[in-house]
Structures are given as C-alpha cells and as structure tokens.
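Below is one structure, written out as structure tokens; the observations come after it.
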Amino acid sequence: MKSDIASFQAAGGKVIVSFGGADGAYLESRCTASQMTSLIDGLIQRHALHDLDFDVEGSQASSAKLNSVRSAAIKALQARHSDLKVSFTLAVMPDTGLDPTGIAILKSAVGAGVKISVVNVMAMDYGYNGDMGQFAIQAVRATAQQLANVFPGKSNAQLVAMVGITPMIGHNDDSGVFTLAHAAEVVSFAQSNATPLLAFWDLQRDATGASGDKGSGSNSSNFQFIKEFDKAATAAPSPSPAPSPSPSCSNAVTWVDGTDYAKGTIVKYSNGKYYLEVNNGTHGSDGTDPTISTWYWQPTTCAAPPAPSPAPSPCSKAVTWIAGTNYPKGTIVKFTNGKYYLEVNNGTNGSDGTDPTISTWYWQPTSCN
Numbered sequence: 017m018k019s020d021i022a023s024f025q026a027a028g029g030k031v032i033v034s035f036g037g038a039d040g041a042y043l044e045s046r047c048t049a050s051q052m053t054s055l056i057d058g059l060i061q062r063h064a065l066h067d068l069d070f071d072v073e074g075s076q077a078s079s080a081k082l083n084s085v086r087s088a089a090i091k092a093l094q095a096r097h098s099d100l101k102v103s104f105t106l107a108v109m110p111d112t113g114l115d116p117t118g119i120a121i122l123k124s125a126v127g128a129g130v131k132i133s134v135v136n137v138m139a140m141d142y143g144y145n146g147d148m149g150q151f152a153i154q155a156v157r158a159t160a161q162q163l164a165n166v167f168p169g170k171s172n173a174q175l176v177a178m179v180g181i182t183p184m185i186g187h188n189d190d191s192g193v194f195t196l197a198h199a200a201e202v203v204s205f206a207q208s209n210a211t212p213l214l215a216f217w218d219l220q221r222d223a224t225g226a227s228g229d230k231g232s233g234s235n236s237s238n239f240q241f242i243k244e245f246d247k248a249a250t251a252a253p254s255p256s257p258a259p260s261p262s263p264s265c266s267n268a269v270t271w272v273d274g275t276d277y278a279k280g281t282i283v284k285y286s287n288g289k290y291y292l293e294v295n296n297g298t299h300g301s302d303g304t305d306p307t308i309s310t311w312y313w314q315p316t317t318c319a320a321p322p323a324p325s326p327a328p329s330p331c332s333k334a335v336t337w338i339a340g341t342n343y344p345k346g347t348i349v350k351f352t353n354g355k356y357y358l359e360v361n362n363g364t365n366g367s368d369g370t371d372p373t374i375s376t377w378y379w380q381p382t383s384c385n
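End of the sequence shown = 385 in the numbering used here, gap-free, step of one.
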C-alpha cells in the first residue's frame, strides 16, 4: 500500500486517510488521546499525509467521551503539523441537516481548538426516494445554516463552501436511487458554490451490474459517475438555468388537516405561506403537514395574476373623414388636422354631413391608445 500511495502522490493525487466508518475500528474507543496521536502521527510521517478525515457514525457518534479523546488527539496532531487539514464525515438529512450528535462532534472539536476544513455530509440513505440530487443540495444548505452556530464568524457563502458532498451512487441501502442526472445536478452546484470535497460511495460500485459491493444497479458502463464528478474540477460552471415561472395560486385551497391532496395541488397553510404537492402517495399527500414533509410538499411562491390584455385601440377602425358624408353614431373619423373625432349622436342621416371641428352635437374629440 505504501508504494501505491507514493505512486498516486507522484502523479499529483492527494490522499485523504479516513478513520472510523459504519463498520470500522475507532481508535478513540481503544486508545488514550496521546496513544491515538502517536499512531496517527506515525502514519502521517510514513506517507507524507496532509489531510485526515474522521467518519463518525452509529453508536460511536453519540459518545461524549469518544468525542473528547478524538478532539484532543486531533488538536495535538495539528500542533505538530501546522498544514494538517481535517474533515468530518457525518450523517445528514435534506430537510434538517446534521443530527444533534453530528453537531456535538463538531462543537467538541472546535472547543478543543481543532481547525476544521470540511464538514462532509453523507448524502444517502434518507429512507425515501425522490430527486436525490436536489436532496443532496438541500442537505448542504441545511448543514450550512447549522454551522453558523459552530463557526459564528463566517458568512453563509463561506459555510456552504465548507460542506463536502458524498452521495451513494446508484441504489442506496433503501429505496433511494442516485442517478447520473442527479450527479450532474450536484456537480453544477459544486462548481457554483466552491464545494471543497465531492466524493461518492464508492469507487468499485461505479460499474455495471446489480446493486451491491461491485455494482451500482444504475451504470450502463463502468466509471460513469467518476467521469461525471470529475467535471466539477475541470469544467467551467454552467450558466444558471432561468428559474421556472412561479405557479399561479388562483386555484390554491386552504389546507385542511388530514386531507389527502393530489399531486400538483397548491395549498395555503395556516402560516399564510403556499405549498405545492410534488409526489403521489397511496392517497395523494397522505394527510401530511406541509411544514414537516418535504417528500410530499415544497414551499412555492405565487406568481402575480397575468395583466389583462390591453383593450384594442378604439381607432383601429377609424376612417378618414370625407366632407359631406353622413357617419352613423359610434364612428371614429380621422380629420384633416390629424385628430380623431367620435360621432356621438344619431341625426336624421347620421352626422348629417357636419364638420367634426364645428359640431359638438354630433362630434367629440377622442384620443387613440
């Protein structure tokens, strides 16, 4: 492995060593902070490493004791290696961001003096399917909002640029499926928001075949996802698409608790905001609350009602005035002075041949739109 790492680095590759994981061994559960520091320091020196990641999941994530050991060890490592960059890989949900254990892990590290470069969210295994690309983007934005309480001196743009994205390609461990189209969405977002880390789980699954350790269940050829994700580093950002026009809320209905609304329905909720039903359940929206379920509901803004079409110009049927002609009531004529006049009274023979500039009984000046 040492020679593989050296060859990769010689070719310009950057190695990030990650500790922990769903089924990995956690040094902080078996070592003191000083022992953990010593073990990782040896690895750093043997392989000339500059980047470490700590993937904290499951029961390990909820231990304050392990957080304390880990944070102290990382602080000591950064004291020895001033250029050492550290990231944390944590579970996430699109609508709520990191769970409380993830926030506690970050606060423990920051409180110990650790400099965190990246918060890498595992954009996968949400428990439901949908637009997994947009779910990943929502997860980034939700996480950035939470990070404002961990890094209070940073702007929202800076916090978004701290959040890495790691989806599970193809079929997830649940009903979710992350497709190449979703990958393209995430790549476009990453290009526009200075995303510091874009990865996926995992390389050997970027292949044809059934979903499992050696296939994504979505590939039509090998390495499709790595080629798509590589565009984040090599391609110029695409222009942002024009926003979709806001739907009209003229047909919006007042939300009633427990009602099953069909896909496409716009409801006005009790908070005065509008929500669009975006997915069919067994019974439409399955009675879900628009402020809770992002699977069935998405906030929407209402377009202003279309402006009424301008009335046709009253002079579109105007005729050129001819002396002595009897024009019926309602006729508009264009007189020799270039002005328009409207016939307003019926005489025996219409306007009785009167001059519009003289007879105010038959004629009144009018303007044209």
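Even glycine gets a Cβ: it sits at the ideal position worked out from N, Cα and C.
C-beta neighbour in chain C for residue i, strict 9 Å
{"i": "Q76", "result": "Among the chains of the structure shown, chain C does not appear; only one protein chain is present."}
Residue i to residue j span [Cα, whole Å]
{"i": "A252", "j": "L59", "result": "Here the model assigns A252 a pLDDT of 49, short of 50, so the residue's position is not dependable and the matter cannot be decided."}
{"i": "N136", "j": "S45", "result": "22 Å"}
{"i": "V283", "j": "Y290", "result": "6 Å"}
{"i": "N238", "j": "A95", "result": "42 Å"}
{"i": "D190", "j": "A64", "result": "38 Å"}
{"i": "S234", "j": "A155", "result": "23 Å"}
{"i": "I121", "j": "N83", "result": "6 Å"}
{"i": "D20", "j": "G180", "result": "25 Å"}
{"i": "H66", "j": "V102", "result": "9 Å"}
{"i": "I185", "j": "V269", "result": "39 Å"}
{"i": "P344", "j": "Q380", "result": "14 Å"}
{"i": "R62", "j": "K30", "result": "15 Å"}
{"i": "S171", "j": "A226", "result": "43 Å"}
{"i": "Q162", "j": "V176", "result": "10 Å"}
{"i": "S208", "j": "S383", "result": "53 Å"}
{"i": "N342", "j": "F351", "result": "14 Å"}
{"i": "L292", "j": "A334", "result": "49 Å"}
{"i": "N188", "j": "M140", "result": "7 Å"}
{"i": "A305", "j": "K279", "result": "With the sequence shown as reference, residue 305 is identified as Asp, and Ala is not the correct amino acid for it. So the two alpha carbons sit approximately 14 Å from each other."}
Contact check, residue i vs residue j, beta carbons under 9 Å
{"i": "L68", "j": "F35", "result": "yes"}
{"i": "T53", "j": "A77", "result": "no"}
{"i": "M178", "j": "S133", "result": "yes"}
{"i": "T347", "j": "G366", "result": "yes"}
{"i": "I56", "j": "A89", "result": "yes"}
{"i": "G149", "j": "H198", "result": "yes"}
{"i": "F205", "j": "I242", "result": "no"}
{"i": "T376", "j": "N353", "result": "no"}
{"i": "D222", "j": "S232", "result": "yes"}
{"i": "P110", "j": "F151", "result": "yes"}
{"i": "D302", "j": "D273", "result": "no"}
Simplified DSSP state of residue i, which is helix, strand or coil
{"i": "S34", "result": "strand"}
{"i": "L219", "result": "helix"}
{"i": "M184", "result": "strand"}
{"i": "P110", "result": "coil"}
{"i": "A226", "result": "coil"}
{"i": "A252", "result": "Per-residue confidence for A252 stands at a pLDDT of 49, beneath the threshold of 50, marking its modelled position as unreliable; the derived number appears in the next sentence. In this structure, A252 counts as coil in the three-state DSSP scheme."}
{"i": "G366", "result": "strand"}
{"i": "D20", "result": "helix"}
{"i": "F245", "result": "helix"}
{"i": "V272", "result": "coil"}
{"i": "G74", "result": "helix"}
{"i": "L214", "result": "strand"}
{"i": "V166", "result": "coil"}
{"i": "G303", "result": "coil"}
{"i": "G58", "result": "helix"}
{"i": "T341", "result": "coil"}
Opening and closing residue of the beta strand (DSSP E) in which residue i lies
{"i": "D71", "result": "D67 to D71"}
{"i": "R316", "result": "Correcting the residue type first, residue 316 is Thr in the shown sequence and not Arg. From DSSP, the beta strand (DSSP E) with T316 extends over W313 to T316."}
{"i": "T382", "result": "W379 to T382"}
{"i": "S133", "result": "I132 to A139"}
{"i": "L292", "result": "Y290 to E293"}
{"i": "K284", "result": "I282 to K284"}
{"i": "V349", "result": "I348 to K350"}
Delimiting residues of the alpha helix (DSSP H) encompassing residue i
{"i": "E44", "result": "No alpha helix (DSSP H) holds E44; DSSP gives it neither H nor E."}
{"i": "L100", "result": "L100 -> no alpha helix (DSSP H), and no H or E assigned at all."}
{"i": "L163", "result": "M148 to L163"}
{"i": "L358", "result": "No alpha helix (DSSP H) holds L358; the beta strand (DSSP E) holding it covers Y356 to E359."}
{"i": "T117", "result": "P116 to A128"}
{"i": "F205", "result": "L196 to S208"}
{"i": "K81", "result": "A80 to R96"}
{"i": "A173", "result": "N172 to V176"}
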